[in-house]
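Chemist: One structure, pasted below without further comment.
There are 2 protein chains.
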Amino acid sequence: MAAKTNPIPSVWARQQAEPDQPALSRAAIVREAIVMLDAEGVEALSMRKLGTRLNTAATSLYRHVATKDELMELAMDEIFGEMAVPDASGTGWRVAATEASRSFRATALRHPWLASVVGQAGLAYLGPNLMSFTERLAALFTAAGFPEPSRAIDTLISYVIGMSTTEAAWLTTVARSGQTEAEFIARLMPAAQQAAADYGHITQIGPPVDLDPAEIREGKFEYGLEVVLDGLEARIPR
Amino acid sequence: MAAKTNPIPSVWARQQAEPDQPALSRAAIVREAIVMLDAEGVEALSMRKLGTRLNTAATSLYRHVATKDELMELAMDEIFGEMAVPDASGTGWRVAATEASRSFRATALRHPWLASVVGQAGLAYLGPNLMSFTERLAALFTAAGFPEPSRAIDTLISYVIGMSTTEAAWLTTVARSGQTEAEFIARLMPAAQQAAADYGHITQIGPPVDLDPAEIREGKFEYGLEVVLDGLEARIPR
DNA sequence: CTTCGCTGCGAACACTGTACGCAGACGCGG
DNA sequence: CCGCGTCTGCGTACAGTGTTCGCAGCGAAG
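From first to last, the protein sequence lines stand for chains L and S. All you need for the working numbering is the position in the first sequence, starting with 1, plus 1330. All you need for the working numbering is the position in the second sequence, starting with 1, plus 1330.
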């Protein structure tokens, strides 16, 4: 791009570094990366595209971010910052845990690419927001009287992670197909029933199809959430 | 590689197509891909490397596999074939479900790359082995008397998937660091405790460190499994 | 014997993440 | 005011990636 620098380097022609683009910083890079990930998915993000989106060259990003994997970890931690763990005072631990789980799921569905990153990088990265999230959960479960709060937490968020990432991956697959969720299901039904018949087992698998798929998924999540919380509640010594 | 074809194409010099290499087939490709994935992880697998491993060119693979993503889905389904769902007769549904969950976890830890694939492709792909797995689970939970077996199944495998993939991703991270698991934990402890102190919450997070990390992980899994199964058992109408 | 479809493959294309070295800007001691 | 060292942006380049295309051989079918 030779046209970017003014051919005659005159001080008069040069405008004042247009401050609408707030310079290049790690925070700005992560923010724009999340925008791209939300809009086009995990495989559409490349350092070059991110660079042009920020009006810089791709290699400039490496001044603020060591590697692309590190950028993904930063983005992941940023997303963890969107998850809320409400206070248990007044409402009790169970509604607080329910609300935190719902917040996790909603956030994961808002940023479906998170499923890939969690599957690849895991939760070993100790970002501040992830730390804060688990720390608040630990306070919640300790106050609830669990003798082994870390195990209770791991049980709950394992369920939530499993359900949410599966759901997110499903939604990405549906979105890639260009069809609506109902259409996609309708197209998949014959193959599924065929396979079910092959195993000689007449299963009415899944709920009736005339409901809103999004509501079905939400109901499924809530069902499992109650199951897990029931099992956990029995662990609290009286 | 001009030296591969005999410079003088004589029938006598040509040996009988050495049958130790069992030709190129979709099954052989998937099998070798799994070997590579197990050995070197998901990011070390490329079509070219896989090709040379099979003594062919990379582009030859595309005669049997449409795309690399399809190959990954095939590999994933192949792995699902390793998971066992035992029969419930005699032992009851609960031990059968426990055994199936343990089988899932063991298989996922044997092939840690599966976590990435599940996170990216999800369970929307209807491979025969995945179908068989869920079908046998459906039979198990239906016979157990669950009014909504599909919901019970989704609850259980969501927990199992969440725990197993998180564990697999953790193990991959540890392996990449070149340290043992205990060393890795010891190195991470100060940062974690520092962060915990920042939030003013003195948590004895995690168990004492003088135990075998693998046993700790297994105990964690078993704890959550019992919790989920307890919650599920209460859903069976008497 | 001819023909046709299938399989392997070399070359090429459009990208990717990232290392390296150069150029300019900014703050600071003289 | 000058020089200077550090920091930031960036053009170039490299080693790879998934995948397409057209060509060559080979086995079976007509």
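Where is the CB? At the ideal position from N, CA and C, for every residue including glycine. Please read these numbers as outputs of a predicted model, since none were measured by experiment.
(1) Note the first and the last residue of the continuous alpha helix (DSSP H) segment covering Pro1416 (chain L).
(2) If Ala1418 (chain S) and Ala1405 (chain S) are in contact, beta carbons under 8 Å, what's the gap, nearest whole angstrom?
(3) In terms of alpha-carbon separation, which member of L:Ile1491, L:Ser1494, L:Arg1356 lies closest to Ala1592 (chain L)?
(4) Can you check whether the CB of Leu1456 (chain L) is closer than 8 Å to the CB of Leu1518 (chain S)?
(5) Can you tell me whether Ala1479 (chain S) is helix, strand or coil according to DSSP?
(6) Since Phe1476 (chain L) and Arg1565 (chain L) should fall inside the 8 Å C-beta cutoff, what is the C-beta to C-beta distance between them, to a whole number of angstroms?
(7) Apart from the five residues on each side of it in sequence, which residues of its chain come closer than 7 Å, Cβ to Cβ, to Leu1467 (chain S)?
(8) Taking only beta-carbon atoms, is Pro1558 (chain S) less than 8 Å away from chain L?
(9) Tell whether a beta-carbon distance below 8 Å holds between Met1413 (chain L) and Lys1398 (chain L).
(10) Under a Cβ-count criterion, where at least 16 other Cβ atoms within 10 Å of its own Cβ denotes burial, should Gly1420 (chain L) be classed as buried or exposed?
(11) Is it right to say Gly1554 (chain L) is buried, meaning 16 or more other beta carbons lie within 10 angstroms of its own, or is it exposed?
(12) For Ala1544 (chain S) versus Ser1494 (chain S), is the C-beta distance shorter than 8 Å?
(13) Within 10 angstroms of its Cβ, does Leu1541 (chain S) collect 16 or more other Cβ (buried), or is it exposed?
(14) Where does the unbroken alpha helix (DSSP H) through Pro1520 (chain L) begin, and where does it stop?
(15) Show which residues of chain L have a CB atom less than 9 Å away from the CB atom of Pro1456 (chain S).
(16) Tell me, please, whether the CB atom of Lys1379 (chain L) is closer than 8 Å to any CB atom in chain S?
(17) Report the residue from S:Arg1361, S:Ile1546, S:Gly1371, S:Lys1550 whose alpha carbon sits nearest the alpha carbon of Ala1451 (chain L).
(18) Pull out every residue of the stretch 1488–1504 of chain S whose Cβ sits closer than 9 Å to any Cβ of chain L, in chain order.
(19) How close, in whole Å, do the beta carbons of Val1490 (chain L) and Thr1485 (chain S) come, if the pair is a contact with beta carbons under 8 Å?
(20) For Gly1492 (chain S), which of helix, strand or coil comes out of DSSP?
(21) In terms of residues, what are the limits of the alpha helix (DSSP H) holding Ile1566 (chain S)?
(22) I think Leu1401 (chain S) touches Ile1364 (chain S), with their Cβ atoms under 8 Å apart; what is that distance to the nearest whole Å?
(23) Closer than 9 Å by beta-carbon distance: list the chain S residues that pair up with Thr1437 (chain L), in chain order.
(24) What residue range is occupied by the uninterrupted alpha helix (DSSP H) comprising Trp1423 (chain S)?
(25) Assuming Ala1525 (chain S) contacts Met1366 (chain L) under a Cβ cut-off of 8 Å, what Cβ separation, rounded to an integer in Å, is found between them?
(26) If the cut-off is 9 Å on Cβ atoms, which residues from the stretch 1445–1473 of chain L count as contacting chain S, listed in chain order?
(27) Would Tyr1392 (chain S) count as contacting chain L if we go by Cβ distances under 8 Å?
(28) In chain order, what residues of the same chain lie with their CB nearer than 7 Å to the CB of Pro1442 (chain L), ignoring the 5 residues before and after it?
(29) Any beta carbon of chain L sitting closer than 8 Å to that of Leu1404 (chain S)?
(30) Can you name, in chain order, every residue of its own chain whose Cβ lies under 8 Å from the Cβ of Arg1435 (chain L), other than the five neighbours on each side?
(31) Given that Asp1417 (chain L) touches chain S, what residues does it touch there, using C-beta distances under 7 Å?
(32) Find the residues of chain L that neighbour Asp1484 (chain S), judging by a C-beta separation of less than 7 Å, and give them in chain order.
(33) Beta-carbon of Leu1401 (chain S) versus every beta-carbon of chain L: anything under 8 Å?
(34) At 9 Å on the CB atoms, spell out the chain S contacts of Arg1422 (chain L), in chain order.
(35) Mind checking whether Leu1354 (chain L) and Thr1389 (chain L) have CB atoms under 8 Å apart?
(36) What is the DSSP secondary structure of Ala1468 (chain S), counted as helix, strand or coil?
Modeler: Walking through what the data contain:
(1) The sequence position of residue 1416 (chain L) within the first sequence is 86, counting from 1. Here Pro1416 (chain L) belongs to no alpha helix (DSSP H), and DSSP marks it neither H nor E.
(2) Taking the first residue of the second sequence as position 1, residue 1418 (chain S) is located at position 88. Taking the first residue of the second sequence as position 1, residue 1405 (chain S) is located at position 75. Actually they do not touch by this definition, with Cβ atoms about 30 Å apart.
(3) Here chain L covers residues 1331 to 1568 and nothing more, so residue 1592 (chain L) does not appear.
(4) Taking the first residue of the second sequence as 1, we reach residue 1518 (chain S) at position 188. Taking the first residue of the first sequence as 1, we reach residue 1456 (chain L) at position 126. Yes; because the gap between Cβ atoms is below 8 Å, this pair is in contact.
(5) Taking the first residue of the second sequence as position 1, residue 1479 (chain S) is located at position 149. Residue 1479 (chain S) is actually Pro in this sequence, not Ala. Reduced to three states, the DSSP call for Pro1479 (chain S) is helix.
(6) Looking up residue 1476 (chain L) in the first sequence gives position 146. Looking up residue 1565 (chain L) in the first sequence gives position 235. Yes, Phe1476 (chain L) and Arg1565 (chain L) are in contact; Cβ-Cβ is about 6 Å, under 8 Å.
(7) Position 137 of the second sequence, counted from the first residue, corresponds to residue 1467 (chain S). Same-chain partners within the cutoff: Val1415, Ala1430, Ile1483.
(8) Within the second sequence, residue 1558 (chain S) is the residue found at index 228, counting from 1. In the sequence as displayed, the identity of residue 1558 (chain S) is Val instead of Pro. With 8 Å as the cut-off, Val1558 (chain S) counts as an interface residue toward chain L.
(9) Working through the first sequence from its first residue, we reach residue 1413 (chain L) at position 83. Working through the first sequence from its first residue, we reach residue 1398 (chain L) at position 68. Contact flag unset, no.
(10) Here residue 1420 (chain L) refers to the residue found at position 90 when the first sequence is read from its first residue. Flag for Gly1420 (chain L) reads exposed.
(11) By one-based count along the first sequence, residue 1554 (chain L) stands at place 224. It counts as buried.
(12) Numbered from its first residue, the second sequence carries residue 1544 (chain S) at position 214. Numbered from its first residue, the second sequence carries residue 1494 (chain S) at position 164. The answer is no: Cβ separation not under 8 Å.
(13) One-based indexing of the second sequence puts residue 1541 (chain S) at position 211. Looking at its Cβ environment, which holds fewer than 16 other Cβ atoms inside 10 Å, Leu1541 (chain S) is exposed.
(14) Start at 1 with the first residue of the first sequence, and residue 1520 (chain L) comes out as number 190. Note, Pro1520 (chain L): alpha helix (DSSP H), 1511–1528.
(15) Residue mapping note: residue 1456 (chain S) aligns to position 126 of the second sequence, counting from 1. Per the sequence shown, residue 1456 (chain S) should be read as Leu rather than Pro. In chain order: Leu1518, Ala1521, Ala1522, Ala1525.
(16) As a working note, residue 1379 (chain L) is residue 49 in the first sequence. So no, Lys1379 (chain L) is outside the interface.
(17) Stepping through the first sequence from its first residue, residue 1451 (chain L) is reached at position 121. The shortest C-alpha separation from Ala1451 (chain L) is found at S:Gly1371.
(18) Ser1488, Tyr1489, Val1490, Ile1491, Gly1492, Met1493, Ser1494, Thr1495, Thr1496, Glu1497, Ala1498, Ala1499, Trp1500, Leu1501, Thr1502, Thr1503, Val1504
(19) Sequence index remark: in the first sequence, residue 1490 (chain L) carries index 160 (1-based). Sequence index remark: in the second sequence, residue 1485 (chain S) carries index 155 (1-based). Contact doesn't hold; Cβ gap of about 11 Å is too wide.
(20) One-based indexing of the second sequence puts residue 1492 (chain S) at position 162. Residue state, collapsed to three classes: helix.
(21) The sequence position of residue 1566 (chain S) within the second sequence is 236, counting from 1. From DSSP, Ile1566 (chain S) is part of no alpha helix (DSSP H); its letter is neither H nor E.
(22) Against the second sequence, residue 1401 (chain S) aligns to sequence position 71. Against the second sequence, residue 1364 (chain S) aligns to sequence position 34. Actually they are not in contact, since the Cβ atoms of Leu1401 (chain S) and Ile1364 (chain S) sit about 10 Å apart, beyond 8 Å.
(23) As a first step, residue 1437 (chain L) must be located in the first sequence, where it is residue number 107. Neighbours of Thr1437 (chain L) on chain S: none; closest Cβ ~15 Å, over 9 Å.
(24) Stepping through the second sequence from its first residue, residue 1423 (chain S) is reached at position 93. Its alpha helix (DSSP H) spans residues 1423–1440.
(25) Walking along the second sequence from the start, residue 1525 (chain S) turns up at place 195. Walking along the first sequence from the start, residue 1366 (chain L) turns up at place 36. Actually they do not touch by this definition, with Cβ atoms about 29 Å apart.
(26) Ala1445, Ser1446, Val1447, Val1448, Gly1449, Gln1450, Ala1451, Gly1452, Leu1453, Ala1454, Tyr1455, Leu1456, Pro1458, Met1461, Ser1462, Thr1464, Glu1465, Arg1466, Ala1468, Ala1469, Thr1472
(27) If you number the second sequence from 1, residue 1392 (chain S) lands on position 62. For Tyr1392 (chain S), the answer is no, since every Cβ of chain L falls outside 8 Å of its Cβ.
(28) Within the first sequence, numbered from 1, the residue matching residue 1442 (chain L) stands at position 112. Excluding residues within five positions, the ones whose Cβ falls inside 7 Å are Ala1498, Leu1501, Thr1502.
(29) Numbered from its first residue, the second sequence carries residue 1404 (chain S) at position 74. No, its Cβ sits nowhere closer than 8 Å to a Cβ of chain L.
(30) On the first sequence, residue 1435 (chain L) is found 105 positions in, with the first residue counted as 1. Same-chain partners within the cutoff: Val1490, Met1493, Ser1494, Glu1497, Phe1551.
(31) Residue mapping note: residue 1417 (chain L) aligns to position 87 of the first sequence, counting from 1. Those do not exist, as Asp1417 (chain L) stays about 14 Å from chain S at its closest Cβ, beyond 7 Å.
(32) Stepping through the second sequence from its first residue, residue 1484 (chain S) is reached at position 154. The contacting residues are Lys1550, Gly1554.
(33) Along the second sequence, read from residue 1 onward, the residue named residue 1401 (chain S) stands at position 71. Cβ-Cβ to chain L under 8 Å: no for Leu1401 (chain S).
(34) As a first step, residue 1422 (chain L) is located in the first sequence; it is residue number 92 there, counting from the start. A small fix is needed here, since residue 1422 (chain L) is Gly in this sequence, not Arg. Those do not exist, as Gly1422 (chain L) stays about 18 Å from chain S at its closest Cβ, beyond 9 Å.
(35) Residue mapping note: residue 1354 (chain L) aligns to position 24 of the first sequence, counting from 1. Residue mapping note: residue 1389 (chain L) aligns to position 59 of the first sequence, counting from 1. Not in contact: Leu1354 (chain L) and Thr1389 (chain L) (Cβ atoms no closer than 8 Å).
(36) Locating residue 1468 (chain S) in the second sequence gives position 138, where the first residue counts as 1. Helix at Ala1468 (chain S).
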